[in-house]
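Q:
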Amino acid sequence: MDDTYALLQKTHGECPQLPYVILGHSMGSFLTRTLLYRHPDSGIRAAVICGTAWQPDAALKTGLAMCRHVCQKHGETQVYEPLRNLIFGSYNRRIPEAKTPFDWVCGDAQILNAYLADPLCGFSETAGLDRDMLTGIRMNQKRENLARMDKKLPVLFVAGTQDPVGNYGRGVRKSAEAFRKAGMEDVELILYDKSRHEILNDAEKEQVFQDIFQWISSKIL
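So for the sequence shown, the working numbering puts the first residue at 889; every next one is plus one.
Shown next, in the form of structure tokens:
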């Protein structure tokens, strides 16, 4: 998070005349949400939160307890499959005749194959990474942190209704509603019925890009 803010400050210094919009997808959406409450004076003009989630606090506590146990017993770099299955194991359940463990990522076979072939995608994360991710999500959802955001910042949530990360749209709606309840004055939500997690690469990608472009244009141009 500190690196993200440092890079933002650096580019602001180099190009102060340009408006800045941040787009965070998936894990990047959680980092974006963290940035918004930690640095409400960052100078960002608009934020697009893509493929995000909202998790019950009890589930986050359970996951964190498992992460801490594994980290203490085996070390932070341990890959613990039961924990990974708890987080990701059910993601394919609504996909009939799924051919890979990652069919939930994208419905486009070409994109999915590229994902599977990329060693930087689909790897088994460590217990330390899971701990940090779940901690970040939990902090993002706390009322006192939501209340720290710049109330006038325009925020757009986008996600697919076939995306299990966002609980098929329900978690994304809850996230947007939490922003509104925190006093955010300009929050919009667009859901795409034919898209899974990677909405920027899935069946409705052209519409997604068009919607994001039009929204950004309406806010900063």
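Here a beta-carbon is modelled for each residue, glycine too, at the ideal position from N, C-alpha and C.
1. With a Cβ-Cβ cutoff of 8 Å, do V1132 and R1068 count as a contact?
2. Would you decide whether T940 is buried or exposed? Buried here means 16 or more other CB atoms lie within 10 Å of its CB.
3. Quick check on this structure: which residue in Q1102, R1084, G931 and K1040 has the alpha carbon closest to the alpha carbon of C903?
4. Starting from the C-beta of N980, find all residues in its chain whose C-beta is less than 7 Å away, skip the five residues before and the five after it, and write them out in chain order.
5. Quick one: what's got a C-beta closer than 8 Å to N1089's C-beta in the same chain, skipping five residues either side?
6. Count the other CB atoms within 10 Å of the CB of R956; is the residue buried (16 or more) or exposed (fewer)?
7. CB-CB under 7 Å to V958, same chain, minus the five flanking residues each way: which ones, in chain order?
8. Out of curiosity, what's the CA-to-CA distance linking K1085 and P1007?
9. Looking only at C-alpha atoms, which of E1013, Y1056 and L906 sits nearest to R982?
A: Looking at the atomic coordinates:
1. Residue 1132 is absent from the structure shown; the chain starts at 889 and stops at 1109.
2. Residue numbering aside, residue 940 sits at position 52 when the sequence shown is read from its first letter. Counting Cβ neighbours within 10 Å, T940 comes out buried, since at least 16 surround it.
3. Position 15 of the sequence shown, counted from the first residue, corresponds to residue 903. Minimum Cα distance to C903 is reached at G931.
4. In the sequence shown, the residue the question calls residue 980 occupies position 92. Only A986, P989, D991 and W992 meet the Cβ criterion.
5. Position 201 of the sequence shown, counted from the start, is the residue given in the question as residue 1089. Closer than 8 Å at the Cβ level, and outside the excluded window around N1089, lie C994, D996 and I999.
6. Within the sequence shown, numbered from 1, the residue matching residue 956 stands at position 68. With fewer than 16 Cβ atoms within 10 Å of its Cβ, R956 is classed as exposed.
7. Within the sequence shown, residue 958 is the residue found at index 70, counting from 1. Correct list, in chain order: Q966, Y968, L971 and A1015.
8. One-based indexing of the sequence shown puts residue 1085 at position 197. One-based indexing of the sequence shown puts residue 1007 at position 119. In the sequence as displayed, the identity of residue 1085 is His instead of Lys. Looking at the two C-alpha atoms, the distance is approximately 19 Å.
9. Position 94 of the sequence shown, counted from the start, is the residue given in the question as residue 982. Comparing Cα positions, the closest option is Y1056.
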